[in-house]
Structures are given as C-alpha cells and as structure tokens.
C-alpha cells in the first residue's frame, strides 16, 4: 500500500530543509570570516630584525584590531602602529611593530645598576631583550622620559638594532592598529605572543 501524499513529500521536504540549513550555515560562516578579517583581525609580515628574537624577518603575525579601541593598551603588548611620520623610508611601507614599554604619564628610564629598564621606578626583568655581546644592559644609552598624554613609548626587543622611541620619540595612541597575538608563519615559528604579564603587571601606575 502506497503512502499518502503527505508521507511521500516528507523525505523530500526534509532533504530540502537540510540543504537550505547547510547553505545558511556556509553563508553565515563566510560572512563571519569576512567581518573578522575586515574589522577584528589583520595579518602583517615582519620586515626587519628590530623585534628579534621574538619576531624574525618574514614572520607572519595576526593582529587584534580591538586594541586599543575596545580593549586598552597594556605595558608589554606587542603592537603594530602606523608610521607617525619619519620612522620609515618611502619603500618600507606604513606600519611598524614594537613592544609597548610606557603608557601615558609613565616615566621610562634606563638603566639601573643591573642594566635594567625602569618604569615608574620599577625595574623590569625583560628576558626577551637581545643584548649586545658582553653587555648586561638592555639599552646602550642612559635616558629618562615622561610619556605625554595620548601617547606611548615603544621599543624593539632587539634593543641594539632598533630605531624606536629612543630615536623617533613617542607614538600617538591613535596610530596603533592593534595588538599582535600570534605568529602564524612559518610553521616552525608558530607561537602565541605574550606580554610577560607576571612582570609588567608589577609596574605601578604613574603618579
């Protein structure tokens, strides 16, 4: 005995609903991927050795663009920022990557008797810094600067080969594109980029 028309149509309708739901899922996934790439995450390539050994020339990184618009900047963040003017040659692009060392109002100075950089009087242990052979100093020259409002002090991890805020001055916070959070390429360099929070969170706020 054949089934009723309703019973015969039910498998066809179920199949159509499955295809429809699958299509909706694919479209939503593609749209979400586009939105993430367009507004939340961007990829950048490392052009120089100023952040070695944390980042090597040719490394590809992903940058969280919610920083600093939604999520505030923090000391120790590795950030990408637009050239405020005069940092790069015309053939070097528009973006740079450095580590945030000082926030607005901070006093950044170098170096103490153990060669460490200090922020607001706290000497920071920086295991990622590349030092000159035979030197225990994280920077060759002594300096002390108070970071103006609305700006940040940035430095490369390869301190003896980085033209950073010591050369060019502070960076407007508004020029920050985002915070780098992972190395995606090459595969053998894959890593999550931490900010060494255990150390940087000990820095007292500026008075």
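In my numbering, the protein residues as written are 46 to 252.
Think of the CB as a built atom: it goes at the ideal place given N, C-alpha and C, for glycine as much as any other residue.
{"Query": "Could you check what DSSP says for residue 167 in three-state terms: helix, strand or coil?", "Result": "strand"}
{"Query": "Count the other C-beta atoms from every protein chain shown that fall within 10 angstroms of the C-beta of residue 99, then say buried if there are 16 or more, exposed otherwise.", "Result": "buried"}
{"Query": "Run through the stretch 175 to 216 for me and flag every whole beta strand (DSSP E) of 3 or more residues, listed as ranges in chain order.", "Result": "188 to 191 and 196 to 200"}
{"Query": "Looking at the structure shown, is residue 64 part of a helix, part of a strand, or coil, going by DSSP?", "Result": "helix"}
{"Query": "Taking the beta carbon of residue 225 as the centre, do at least 16 other beta carbons fall within 10 Å, making it buried, or is it exposed?", "Result": "buried"}
{"Query": "Please state whether DSSP places residue 151 in a helix, a strand or coil.", "Result": "coil"}
{"Query": "Give the straight-line distance between the Cα atoms of residue 119 and residue 67, rounded to the nearest whole angstrom.", "Result": "42 Å"}
{"Query": "Please name the residue in 141, 169 and 140 whose C-alpha comes closest to that of residue 153.", "Result": "169"}
{"Query": "Mind the definition here: the stretch 140 to 152 touches the stretch 194 to 206 only if three or more C-beta pairs lie below 8 Å; say whether that holds.", "Result": "yes"}
{"Query": "Just to confirm, are residue 166 and residue 194 a CB contact at a threshold of 8 Å?", "Result": "no"}
{"Query": "In the DSSP output, which residue or residues are listed as bridge partners for residue 141?", "Result": "126"}
{"Query": "Return helix, strand or coil for residue 162, following the three-state DSSP convention.", "Result": "strand"}
{"Query": "Identify which residue in 87, 132, 207 and 112 has its Cα closest to the Cα of residue 272.", "Result": "With the chain represented from 46 up to 252, any question about residue 272 goes unanswered, as that position is not in the structure."}
{"Query": "If residue 223 sits next to residue 125, beta carbons under 8 Å apart, how far is it from one beta carbon to the other, in whole angstroms?", "Result": "6 Å"}
{"Query": "Evaluate residue 186 with the Cβ neighbour count: other Cβ atoms within 10 Å of its Cβ, from every protein chain shown; 16 or more gives buried, anything less gives exposed.", "Result": "exposed"}
{"Query": "For residue 229, count the other beta carbons within 10 Å of its own beta carbon; 16 or more makes it buried, fewer makes it exposed. Which is it?", "Result": "exposed"}
{"Query": "Quick one, which of 189, 163, 102 and 135 has its alpha-carbon nearest residue 248's?", "Result": "163"}
{"Query": "For residue 192, which residues of its own chain have a beta-carbon under 7 Å away from its beta-carbon, when the five flanking residues on both sides are left out?", "Result": "147, 148, 149, 150, 151, 153, 198 and 215"}
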